[in-house]
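Here is the structure we will look at, set down as structure tokens.
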Amino acid sequence: MDTPSGAGRPAAGPTARRGRPGLHPAVRYLGGRVLTAVVSLLAVMVTSFFLFRVLPGDPVAALTQGRSVSVDQLEAMRRDFGLDQPLPQQFVDYCLGMMTLDFGMSYQYRVPVSELIAERLGPTLLLAGTGTVIAAVLGLVLGTRSGWRRGSLMDRVDTGIALTLWSVPSFWLGLLLIVLLASGAGLFPTSGMSSPGVEGTFAVALDVAHHMVLPVATMVAVVYAQYMMIMRSSVLDEMGADYLTTARAKGLRDAVVLRRHAVPNALLPTVTLIFLNLGRVVSGVILIETVFAWPGLGSLFYSGLRVPDLPIVQALFVVFAGSVIIMNLLADLVYPLLDPRVRT
Amino acid sequence: MSAPADPARGSAAGGAPVLSTAGLQIAFSGRSGRAAARAVDGVDLEIGAGEIVALVGESGCGKSTLARALLGLVRPTAGAVSFHGRGLVYRPRDLKAFRRRVQLVLQDPTGALNPRHTVYDAVAEGRRIHTGSTADERDHVAEALSRAGLRPPERFFLRYPHELSGGQRQRVAIAGALILQPEVIVADEPVASLDASVRGEILQLLLRLRDDYGLAALVVTHDLGLAWNIADRAAVMYLGRVVETGTVEEVLAAPRHPYTRALLSVLPESSAGEQQILAGEPPDPTRIPAGCRFHVRCPVLASGAAQAAGVADRCRSEDPGMLGGSPGVAQVACHWAHAPEPEPAEWAGPG
Ligand SMILES: Nc1ncnc2c1ncn2[C@@H]1O[C@H](COP(=O)(O)OP(=O)(O)O)[C@@H](O)[C@H]1O
Ligand code: SF4
Ligand SMILES: [Mg+2]
Chain Y
42 MDTPSGAGRP AAGPTARRGR PGLHPAVRYL GGRVLTAVVS LLAVMVTSFF
92 LFRVLPGDPV AALTQGRSVS VDQLEAMRRD FGLDQPLPQQ FVDYCLGMMT
142 LDFGMSYQYR VPVSELIAER LGPTLLLAGT GTVIAAVLGL VLGTRSGWRR
192 GSLMDRVDTG IALTLWSVPS FWLGLLLIVL LASGAGLFPT SGMSSPGVEG
242 TFAVALDVAH HMVLPVATMV AVVYAQYMMI MRSSVLDEMG ADYLTTARAK
292 GLRDAVVLRR HAVPNALLPT VTLIFLNLGR VVSGVILIET VFAWPGLGSL
342 FYSGLRVPDL PIVQALFVVF AGSVIIMNLL ADLVYPLLDP RVRT
Chain X
215 MSAPADPARG SAAGGAPVLS TAGLQIAFSG RSGRAAARAV DGVDLEIGAG
265 EIVALVGESG CGKSTLARAL LGLVRPTAGA VSFHGRGLVY RPRDLKAFRR
315 RVQLVLQDPT GALNPRHTVY DAVAEGRRIH TGSTADERDH VAEALSRAGL
365 RPPERFFLRY PHELSGGQRQ RVAIAGALIL QPEVIVADEP VASLDASVRG
415 EILQLLLRLR DDYGLAALVV THDLGLAWNI ADRAAVMYLG RVVETGTVEE
465 VLAAPRHPYT RALLSVLPES SAGEQQILAG EPPDPTRIPA GCRFHVRCPV
515 LASGAAQAAG VADRCRSEDP GMLGGSPGVA QVACHWAHAP EPEPAEWAGP
565 G
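From first to last, the protein sequence lines are chains Y and X. All residue numbers for the first sequence refer to my numbering, where the first residue is 42 and numbers rise by one. All residue numbers for the second sequence refer to my numbering, where the first residue is 215 and numbers rise by one.
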């Protein structure tokens, strides 16, 4: 920690720190992270190919179920899907396709998978984004309150509620909400993202918002606990810090000590975690989208799994895992900007 | 930092103390049925204007708790803290006004400075709390930094604590206290976490601040050499109680309490006879012994010297009591030290 120039004389600055000759430490750090991310992505691509091929089920049989088709027709379909090729050849085609973001044709929809993904991405981001923002804000506020007043009745009640909801399966909670508030009380639509026949920007927005209430509520209820518990423990970690005592001893009111000193420092690990979670959020909404028939990537994945529609599930697996990897990378890159101690 | 401070400089003997405690007790309630920890268990202490008082004692004896109580950061279980003779009022508004005039410097400047605040923000904070942001804030920050020995101050404004050395960080912490122009600084082991090479500089700084601005200080330390070097008076604390007070010469050159003697005997440069390594378990504020609280570890009692003086029974059963805070007189809480010196052989003990 000590700068080489010694006490009493200011050091020449952080850049004066000795690094290995050649590369700036920041470049080395960045390069290392990016390399790790690329390797992980490649591993995910390979896994995705083999994982869904060991799944039981024959796509051709599933798609032709209940119809009388000739052996020739079946053969034609197989050839169409490229399933007549030997596995190594399929793998090479798959890899070449991935490199060019060509995920192939969906077996069941007969359109390019990339088109399907583009179409479904918006609704998923809308749902997952709204849910994450609300859950994060709720978690941060409640977690700060709980940590600052640890052991109080409020802390125990808030923590208890959060952990109970956290342990509830999201599809169960979603179904319960549908039964109670949608089909039951008729307050909200039971499924989908929009109602037919609604026109005008404002009316459409309102209609979508109305459809979003239950899925978003389900998602928030199930995930806010993790943000809350992490913020709570970060605040607890900071509570014993001497700089809070210093601030109090200077005459700062308790509420301001919390706001100005404890929260910014406690936020650091929490924000990192929120970033890490962003990637997982997208895959986490699969169940919720399925329950609420939300036209996003999650329900697309579900419909792909049933066949199995290999191009769809392969591509989405890579997209889901890739978003986790990219968010990890982003968290690694953002962390140094937030914390002056690791700024290089 | 060679000669002991001249006690005449401590002007406390005349006027009323600036900061004082009377019968101060602080107990931390034990978790789930365990006994409460009486971290501070009856302390009278006075700090006069421009006076440097050293509070010495082993780790765990309650020094930090006492220091925090002096700032109103911990509320006393019993007794009171007074500032210029008036008891502290624990209302936010009154505490705030009080904390403008008494400041705290902690042991470890790495923890005591917010890692995300620049030096400028750290030093300016106290002033912003009490006077808001003013146009001349920059000048005040610069002046506080130079008074704390960081020159030229502008070079430090935008630094973060982790870019500074330990000694520089402690100077920043001190500057943060100085900007409020306090009357008293309570420094809790201000150099204990620093390299030996910069300790002297920080102590010099405290002495100079006293000389130049009449700043009084309570310096908490477990280092007797440090107390000798900078303090006018010393108070020796054992298990929540001050057991000996007086000028540094009285306490450190002619110690009367067996605990003080034992502390001094283990110093390398000690001339006070053989080393006395204190036996017995380390003191535990949840179980303060009856009688003299030091009696289970007291070498004088163990060696039979207390018996010879006829006070051994009192050592075990009678609390020697609290010392008054008054700075004029050297005091000691020990039956043996108070026993008449040449013992008449037929003296039969108390009662
Ligand atoms: N907040 C607290 N809760 C419970 N016990 C405490 C607390 N603070 C201090 N103590 C106890 O009080 C005693 C004195 O501690 P402290 O004042 O830090 O001593 P020192 O500064 O002399 O080392 C110790 O036994 C410590 O365990
Ligand atoms: S009163 Fe007795 S036990 Fe206590 S310090 Fe003095 S001699 Fe030792
Ligand atoms: Mg301490």
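Here a beta-carbon is modelled for each residue, glycine too, at the ideal position from N, C-alpha and C. Treat the numbers as computed from the prediction; the structure is a model and nothing was measured.
Determine whether the Cβ of residue i lies closer than 9 Å to any Cβ atom of chain X.
| i | result |
| --- | --- |
| G47 of chain Y | Bear in mind that a pLDDT of 38 at G47 of chain Y, under 50, signals an unreliable position, so the number given afterwards is only what the model happens to contain. Yes - at least one Cβ of chain X is within 9 Å of the one on G47 of chain Y. |
| N369 of chain Y | no |
| L293 of chain Y | yes |
| D99 of chain Y | no |
| D196 of chain Y | no |
| D380 of chain Y | yes |
| T44 of chain Y | Here the model assigns T44 of chain Y a pLDDT of 38, short of 50, so the residue's position is not dependable, and the following value carries that caveat. With 9 Å as the cut-off, T44 of chain Y counts as an interface residue toward chain X. |
Please classify residue i as buried or exposed, where buried requires at least 16 other C-beta atoms within 10 Å of its C-beta.
| i | result |
| --- | --- |
| H65 of chain Y | exposed |
| P496 of chain X | exposed |
| F91 of chain Y | exposed |
| P352 of chain Y | buried |
| I444 of chain X | buried |
| A562 of chain X | Residue placement at A562 of chain X is poorly supported in this model, since its pLDDT is 41, which falls under 50; the coordinates are not used for a value here. |
| Y427 of chain X | exposed |
| I271 of chain Y | buried |
| L96 of chain Y | exposed |
| W213 of chain Y | exposed |
| T348 of chain X | exposed |
| Y452 of chain X | buried |
| Q545 of chain X | buried |
| E368 of chain X | exposed |
| E116 of chain Y | exposed |
| E330 of chain Y | buried |
| A307 of chain Y | buried |
| S273 of chain X | exposed |
| V276 of chain Y | buried |
Starting from residue i, trace the alpha helix (DSSP H) in both directions and tell me its first and last residue.
| i | result |
| --- | --- |
| S428 of chain X | For clarity, residue 428 of chain X is Gly in the given sequence; the question names Ser instead. Note, G428 of chain X: premise wrong, no alpha helix (DSSP H); not H, not E. |
| Q521 of chain X | 519–522 |
| I266 of chain X | Premise fails: I266 of chain X lies in the beta strand (DSSP E), 266–270, not in any alpha helix (DSSP H). |
| R528 of chain X | 526–531 |
| D283 of chain Y | 283–290 |
Please confirm if residue i has its CB atom under 9 Å from at least one CB of chain Y.
| i | result |
| --- | --- |
| N328 of chain X | yes |
| R282 of chain X | yes |
| E339 of chain X | yes |
| Q390 of chain X | The question names Gln, yet the displayed sequence has Gly at residue 390 of chain X. Yes, contact with chain Y. |
| L233 of chain X | no |
| G247 of chain X | no |
| L238 of chain X | no |
| A387 of chain X | yes |
| L285 of chain X | yes |
| G325 of chain X | yes |
| L269 of chain X | no |
| L432 of chain X | no |
| L515 of chain X | no |
| L394 of chain X | yes |
Over the uninterrupted beta strand (DSSP E) stretch that includes residue i, give me the two end residues.
| i | result |
| --- | --- |
| G237 of chain X | 233–242 |
| M451 of chain X | 447–452 |
| F342 of chain Y | Here F342 of chain Y belongs to no beta strand (DSSP E); instead the alpha helix (DSSP H) covers 338–347. |
| T459 of chain X | 455–461 |
| D255 of chain X | 251–261 |
| F297 of chain X | 292–297 |
| L318 of chain X | 316–319 |
| D402 of chain X | 398–402 |
Could you round the C-beta distance between residue i and residue j to whole angstroms and report it? I think they count as a contact, below 8 Å.
| i | j | result |
| --- | --- | --- |
| D134 of chain Y | G123 of chain Y | 6 Å |
| R289 of chain X | Y304 of chain X | 6 Å |
| R248 of chain X | Q239 of chain X | Wrong, their Cβ atoms sit about 18 Å apart, outside the cutoff. |
| A431 of chain X | I399 of chain X | 5 Å |
List, in order along the chain, the chain A residues whose C-beta lies closer than 7 Å to that of residue i?
| i | result |
| --- | --- |
| G274 of chain X | Of the protein chains in the structure, Y and X, none is chain A. |
With a threshold of 8 Å, establish whether the CB of residue i neighbours any heavy atom of ligand 4.
| i | result |
| --- | --- |
| V434 of chain X | This structure lacks ligand 4; the ligands present are ligand 1, ligand 2 and ligand 3. |
| Going along the region 271–290 of chain Y in order, which residues come within less than 8 Å of chain X, judged by CB to CB distance? | A282, D283, Y284, T286, T287, A288, R289, A290
| said: Can you pull out the residues from the region 344–355 of chain X whose beta carbon lies closer than 8 Å to at least one beta carbon of chain Y? | reply: H344
| Near-chain Y residues of the region 292–321 of chain X - C-beta to any C-beta below 9 Å | P306, L309, K310, A311, F312, R313, R314, V316, Q317, L318, V319, L320, Q321
| said: Please identify, using Cβ separations under 7 Å, the residues of the region 355–373 of chain X that lie next to chain Y, in order along the chain. | reply: R369, F370
| field | Near-chain X residues of the region 301–323 of chain Y - C-beta to any C-beta below 7 Å | value | H302, P305, N306
| Can you list, in chain order, the residues of the region 434–463 of chain X whose Cβ is nearer than 8 Å to any Cβ on chain Y? | none
| task | Could you name the residues of the region 398–429 of chain X whose beta carbon sits closer than 8 Å to any beta carbon of chain Y, in the order they occur along the chain? | result | D409, S411, V412, E415
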